[in-house]
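Residue numbers (my numbering), protein chains in the order written: chain A, 67 to 387; chain B, 67 to 387; chain C, 67 to 387; chain D, 67 to 387; chain E, 67 to 387. Just so you know, even glycine gets a beta-carbon here, dropped at the ideal spot from N, CA and C. See below for the structure under consideration.
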Amino acid sequence: MLVNCAAYQEGHKLADIPKEDISEYVKRPNCFVWVALKDPEPSELDEMREEFGLHELAVEDARQGHSRPKIEEYGDSLFAVIHTVEPQGDELVVGEVNIFVGPNYILSVRTHTEKSFIGVRARCEREPHLLKLGSGYIFYALVDAVVDRYFPVIDDLETQLEKIEDNIFLKNTARSNIEALYGLKQKLMTMKHAVDPLLEATGKLCGGRVPQICEGTQAYFRDVSDHLQRIHASIEGFREMQTTAIQVNLGMINLNETEVTKKLAAWAAIIAIPTLIAGIYGMNFKNMPEYDLAYGYPFALALMVGVDFLLYLWFKKIRWL
Amino acid sequence: MLVNCAAYQEGHKLADIPKEDISEYVKRPNCFVWVALKDPEPSELDEMREEFGLHELAVEDARQGHSRPKIEEYGDSLFAVIHTVEPQGDELVVGEVNIFVGPNYILSVRTHTEKSFIGVRARCEREPHLLKLGSGYIFYALVDAVVDRYFPVIDDLETQLEKIEDNIFLKNTARSNIEALYGLKQKLMTMKHAVDPLLEATGKLCGGRVPQICEGTQAYFRDVSDHLQRIHASIEGFREMQTTAIQVNLGMINLNETEVTKKLAAWAAIIAIPTLIAGIYGMNFKNMPEYDLAYGYPFALALMVGVDFLLYLWFKKIRWL
Amino acid sequence: MLVNCAAYQEGHKLADIPKEDISEYVKRPNCFVWVALKDPEPSELDEMREEFGLHELAVEDARQGHSRPKIEEYGDSLFAVIHTVEPQGDELVVGEVNIFVGPNYILSVRTHTEKSFIGVRARCEREPHLLKLGSGYIFYALVDAVVDRYFPVIDDLETQLEKIEDNIFLKNTARSNIEALYGLKQKLMTMKHAVDPLLEATGKLCGGRVPQICEGTQAYFRDVSDHLQRIHASIEGFREMQTTAIQVNLGMINLNETEVTKKLAAWAAIIAIPTLIAGIYGMNFKNMPEYDLAYGYPFALALMVGVDFLLYLWFKKIRWL
Amino acid sequence: MLVNCAAYQEGHKLADIPKEDISEYVKRPNCFVWVALKDPEPSELDEMREEFGLHELAVEDARQGHSRPKIEEYGDSLFAVIHTVEPQGDELVVGEVNIFVGPNYILSVRTHTEKSFIGVRARCEREPHLLKLGSGYIFYALVDAVVDRYFPVIDDLETQLEKIEDNIFLKNTARSNIEALYGLKQKLMTMKHAVDPLLEATGKLCGGRVPQICEGTQAYFRDVSDHLQRIHASIEGFREMQTTAIQVNLGMINLNETEVTKKLAAWAAIIAIPTLIAGIYGMNFKNMPEYDLAYGYPFALALMVGVDFLLYLWFKKIRWL
Amino acid sequence: MLVNCAAYQEGHKLADIPKEDISEYVKRPNCFVWVALKDPEPSELDEMREEFGLHELAVEDARQGHSRPKIEEYGDSLFAVIHTVEPQGDELVVGEVNIFVGPNYILSVRTHTEKSFIGVRARCEREPHLLKLGSGYIFYALVDAVVDRYFPVIDDLETQLEKIEDNIFLKNTARSNIEALYGLKQKLMTMKHAVDPLLEATGKLCGGRVPQICEGTQAYFRDVSDHLQRIHASIEGFREMQTTAIQVNLGMINLNETEVTKKLAAWAAIIAIPTLIAGIYGMNFKNMPEYDLAYGYPFALALMVGVDFLLYLWFKKIRWL
């Protein structure tokens, strides 16, 4: 679906143009075309390939989807694949943004993602002095927009980790903690697969030999790269704490087992001792003087209660109960 | 076994040729020969060595098999070893494809693998403008075909992992989960051994100094390398989740143990208390007034049932039962 | 909040100057301005941006905070983000120091940190021969001050680890040890996130191509880098010991469980044997000669006590009790 | 002990020569000397040092032994230390081969290893066209011979791992599995210490700047390097599976514990219930109508058996028995 | 404390000189001064700084101690920090050797270490042809002496590991094994912190750009580096085995727990069955024919013993006892 198709000159919007005219505007000097597609039909991509003269392999990647994040050079143009990560209920949904960048055009194709880039376009149009920097700057603005949307996801993961950490030493939470930790791990892996390759790719746009298109915008891409580095460090930190938390959880489960065994042992003793006493006074010897005492029975009961009371105090003292 | 032996010129097939004529066609300018062998006899490899003038060490590798995936330069020709991975029942079977690539010939030798490259040849013959790119392009097409066959295997491993993840928090699945996780690990290692060295090798065909034969096809090899990178990232992700899943599984086993111990303790108490009461009323004191009551016996039974009922409620409440 | 604003020439302080005059002094040759802000308002940062001509992206980073430690070049000036780590009760509080360094100015902005850099300024003013080295030296002095404050934190973490190590083989400390180990891990991660990126960043100021501003001070930055390396090595060492300690802790928990089970078994036997004897002498056979013995009852009791005494000795010997 | 000492020219053996003449032959152009020592006396090494003019530090290394595998350049000559690994009963025995390679000599010194290099010499003498390549080729042939002897060891380790894998999910094998896994780990470490440094060292003989002596034999050393890479990959794979197997083993031990606890609980219940019934019918109430029934006793016995039968079925159903 | 202070020329000792004359001798061509300090006062270091013209930062490091091992260049001189590791009872004590090396002087400062370098000086003086190589050679000799003292420590750690490995599958050793493994880990970390940075530092003295002072002694430093590499590999190997041993230990603890549970279950059954029989014959039914039999009582006892004997055999057979 064509979302937007406009031509710009000297930092200002010329006009919304019909897609058939793209190839004309692209040829004009000092002019560039910015097109946005959403969940496009194969035919739409073919049209774009012809209008912009895109490379077959890049279009193929955009058509098939499922690429890993990357920024590739095709001659003097760039092709970028970026993953969007959006929380949906308790899941993270991964979408894809494909960006084709040429010296005088930029084409963004987003799939499986709800959030549009209208805000990016509006902000760029309000800042003609930056828009003048050309397609490299718009490319930065789009990448930056996607990366900025990673932060709330990361913050959310941090909150989840902290919640687990609050619970991890509480009793009877082992099962829910371990489930939460596994779920957290899955989300961390999803984020990692989105962030790490992109970090590697943007690193090449801010240092060493920079593609022609991105010259003059290195500081901006360094900024994006820095944000990604921060997210990357957070993810790595969370992964390590998550691993430790799983080990700690296992320790807590075992500690709990020990405590149950101690309780079992204590109560078993408290029941077994009176049973033994009752057994003794159930013996059938002829000559058992207690049997004839008036208070034999109450004495036996008192003995049972008394021993149990002492046992109970003892187990309380050694914290088995 | 000779599967195919044909000469090509300017992107078109000249003819199927007898293998004795190979050395002649190879000498012709602008002409190249494409030969496919399957599970060859040593003698067949010797013939090929002579016809194409292959390097002794490369032929030795092809003869012995069991090499790790690699792409090696011998002068102006290349020798590649690639592993095929095919699911067979619940196992992954590893086969081998050896490819000899010269400026005007390509020889593929496949062993222990069912799937042929007839489709690759057919597709190449339908696209003369690509076939014109020469042996480098065919080499790409063969590697690409093998790599494309990795994807269903990876998808299958993902499905297996997800199935385990669905089961991992269920009760009484610990044993089957742990067996499945170990089997998954074995398959992941098999894939890793096929993919990682090939990823390293193809990386050298798309950047830096590229062998003469592959010049002009860097973008294609970058595409293959990108696919391998994706598979590699998936494998690494699966391995990490598998490791976490094993830890979680251990936690679940221990949790389960604790629950069994709690159940054991609860039922032990429920049986032991009436046993104690019965023991008390089995004592032989002369003076036990309950013995003479008309309802002593029913009272004792009611006491047993009552205490057990309260115990049962209590254990239900603290979730030991 | 403006903490300090002074101009220096030839290693000596000229005067405290009003912030409106900064841009004038910055223009004078052989003169430099040193300004310190604390938890500044956005408007203050804007003023500084204009007076010093700072880069927009750097000011943006300082305004938003939450950057990771880094040292970035903007033309011939540097922008550094450094984390302060201060213990507060049982927590580590992370603050931030942003430093803008130009050929003839230095601006430090600290947020969320109590400790000021007054001592650094005083020491620099006492050593004109070093202050003459210019903004690069002051930059070093500030970084060095922050890094020096890491050492007591690291020493404190070492003390905590040693305390845990002292307890780890004691009984009944498993729960508190595991909690302490998890807390230690969190603090180690905090330190790691402060130290590692800074180590990487300072490494670039003491070897290879060094920014113009830091020329002549490489040996000083190598010293800082060396301190950071030492802290880094300590953190890595602590992390590894902490991981081992968690494993050992798990082993101790399981060992303890085994000991509880052994105790349970031993006491169960000691109670069960006399219960069995009592049961036997509670049987109702007509022909049980013991029943008629004068000392049948004392004999039975003695049998119970005797068997238990032997059992007790036995369990003591095999260390189950 | 001197094993062999011969001079070669143009790919053919000239003669077995006495060791005093070595220095003479070494001076002759186009001639080279190949000497093999076994477990030499210090004096023998000193002689060799003088005859060949070997470097003091290299001879020192050969004399002391216990070096790690390495290939070092001393001027225009090479000194290599290679470990042999030979199975001896259930152990792996590590021996050492020191090789001194000069432009026109090769001296091999083997210690603690049974297998000689007579086969290598014989094969070389049969292939004059390769022997002509000079000392670099013989050096390759010796290294290749040692590396080839690693393969059966690796295959043996694989067999051991597979045997453990077959047992790991069987009952009552946990102890023997864990012992076997630890033994396997020890052997893997032995292999790793032999292979990894050698892999690194041979890598330098097949790419980049190659020592003069090895020029013309890069393809051969690449082949050795490739074999080592394969062994390295196998070792890494085995180590990872071994680690996973230990974790799985721990899980199986815990699973088994749970099953024992379940069995204990089930049988405890099956014994405790009739004990309770017997206790009830041992109470001394005057008014217990069952006592006077003709079939009271058989009924009680039948009750016991009946309840136990139901319990048994129940425990079978929930798989506790 | 000044240990030694002597001037050397052309490989021979000129004289022991008073420390005030150092600066004079240092100025003489072809002459160098070798000074050794032990646990020096700050004032002594200041004197040395003036006599030799040492760099402030290096002297500062030597004064404060607690640096990590390193070799730093200050202009044409070197400053090295090396850790000594000496066993003291069951602990490893870390001392420090600081070495200042200039073109014509060498100053060694050792703290917290008992062993002197008198042997090194004596050996150097006996070998004038090596001493002629100048301060670089003496520097090597000192480093080599410290590194050589690591070997017995490493051998001792290996012995400790082997002792643990011998015990690890024995019963009732889990607690002592785990304590020993933790202690071993601590020592390995101490060694690692001494060795790894030094390995990195010496690597720079034997390859690539070598400091002026060390030219001509690269082969010697490569030898030191090689020794450190070997120690490093041993440490890494021990650490990995130690990690595996901790896991195995955990498995053994759990196995032992299972065995205790089995024993508990078996003995519980052996006691419970006769208790049940006694209970049955303690029932008060009027019509129990066994009661009137002459041999009822012995029969009952025989029944108890018989059943227990069978149970015992059974438990022996399934190895629960």
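Check                                                                                                                                                                               : Outcome
For the candidate residues G155/B, A299/B, K253/B, whose alpha-carbon lies nearest to that of L223/B?                                                                               : K253/B
So what does DSSP say about I234/A, is it helix, strand or coil?                                                                                                                    : coil
Using only CA atoms, which one of L316/D, H132/D, F166/D, S201/D lies nearest to T150/D?                                                                                            : H132/D
Does N74/B pass the burial test, meaning 16 or more other C-beta atoms within 10 Å, or should it be called exposed?                                                                 : Residue identity check: residue 74/B is Tyr in the sequence provided, not Asn. Y74/B is buried by the Cβ-count criterion.
Count the other CB atoms within 10 Å of the CB of W333/A; is the residue buried (16 or more) or exposed (fewer)?                                                                    : buried
Starting from D262/B, trace the alpha helix (DSSP H) both ways and give me its first and last residue.                                                                              : 240 to 269
Quick one: any contact between the stretch 333 to 348 of chain B and the stretch 337 to 349 of chain A, if contact means 3 or more CB pairs under 8 Å?                              : yes
Can you tell which of T309/A, T179/A, E117/A has the C-alpha that lies nearest to the C-alpha of E152/A?                                                                            : T179/A
In chain order, what residues of the same chain lie with their CB nearer than 6 Å to the CB of N170/B, ignoring the 5 residues before and after it?                                 : V92, F98
If you check the beta carbons only, do I384/B and A311/B fall under 8 Å apart?                                                                                                      : no
Just the chain D side, please: which residues come within less than 9 Å of M257/B by C-beta, in chain order?                                                                        : Per Cβ cutoff of 9 Å: no residues; M257/B is ~12 Å from chain D at best.
Can you tell me whether DSSP reads D82/A as helix, strand or coil?                                                                                                                  : strand
With three or more C-beta pairs closer than 8 Å as the rule, is the stretch 264 to 274 of chain D touching the stretch 100 to 109 of chain B?                                       : no
When you compare only the Cα positions, how much space is there between I88/B and H121/B?                                                                                           : 17 Å
Tell me the DSSP secondary structure of P106/B in three-state form.                                                                                                                 : coil
Given that D289/B touches chain A, what residues does it touch there, using C-beta distances under 7 Å?                                                                             : L123
Chain E beta carbons: is any one of them nearer than 8 Å to that of I346/C?                                                                                                         : yes
With distance defined between alpha-carbon atoms, name the residue in N353/A, H298/A, D358/A, Q278/A nearest to D66/A.                                                              : No answer is possible for residue 66/A: the residues shown for chain A start at 67 and end at 387.
Hey, is R296/B's beta-carbon within less than 8 Å of any beta-carbon in chain A?                                                                                                    : yes
Give a yes or no on whether 8 Å exceeds the smallest Cβ distance from K329/E to chain D.                                                                                            : no
Does K352/E get closer than 8 Å to chain D when you measure Cβ to Cβ?                                                                                                               : yes
Apply the 10 Å Cβ neighbour rule to R94/D and answer buried if 16 or more other Cβ atoms are within range, or exposed otherwise.                                                    : exposed
Could you please give the first and the last residue of the uninterrupted beta strand (DSSP E) stretch that includes L388/A?                                                        : Beyond the ends of chain A as shown, which are 67 and 387, falls residue 388/A; an answer cannot be given.
Measuring only the C-alpha atoms, how far is K232/B from R305/A?                                                                                                                    : In the sequence as presented, Lys is not what sits at residue 232/B; that position holds Asp. When rounded, the distance between both Cα atoms is 21 Å.
Could you tell me which residues DSSP puts in a beta bridge with P218/C?                                                                                                            : For P218/C, which the question treats as bridged, DSSP gives no partner whatsoever.
What is the rounded straight-line gap between the Cα of K258/D and the Cα of K329/D?                                                                                                : 44 Å
Taking a contact to mean a Cβ-Cβ separation below 8 Å, would you say Y357/B touches K352/D in this structure?                                                                       : yes
In terms of residues, what are the limits of the beta strand (DSSP E) holding P364/D?                                                                                               : No beta strand (DSSP E) contains P364/D, which is instead part of the alpha helix (DSSP H) from 362 to 383.
Spatial neighbours of V159/D within its chain, please: CB distance less than 6 Å, with the 5 preceding and 5 following residues excluded, ordered by chain position.                : E152
Is there at least one Cβ from chain A nearer than 8 Å to D374/C's Cβ?                                                                                                               : no
Which bits of chain E does G362/D rub up against, with CB to CB less than 7 Å?                                                                                                      : F351, N353
Go ahead and pull the three-state DSSP assignment for N164/D.                                                                                                                       : strand
Kindly list the residues whose CB is nearer than 6 Å to the CB of A267/D, restricted to its own chain and excluding five residues on each side of it in sequence; keep chain order. : K136, I137
Can you grab the Cα-Cα spacing for the pair L123/B / F287/D, in whole Å?                                                                                                            : 11 Å
Using only CA atoms, which one of S201/A, M67/A, M370/A lies nearest to T437/A?                                                                                                     : No statement about residue 437/A is possible, as the shown extent of chain A runs from 67 to 387 and does not include it.
Pull out every residue of the stretch 306 to 317 of chain B whose Cβ sits closer than 7 Å to any Cβ of chain D, in chain order.                                                     : I312, N315, L316
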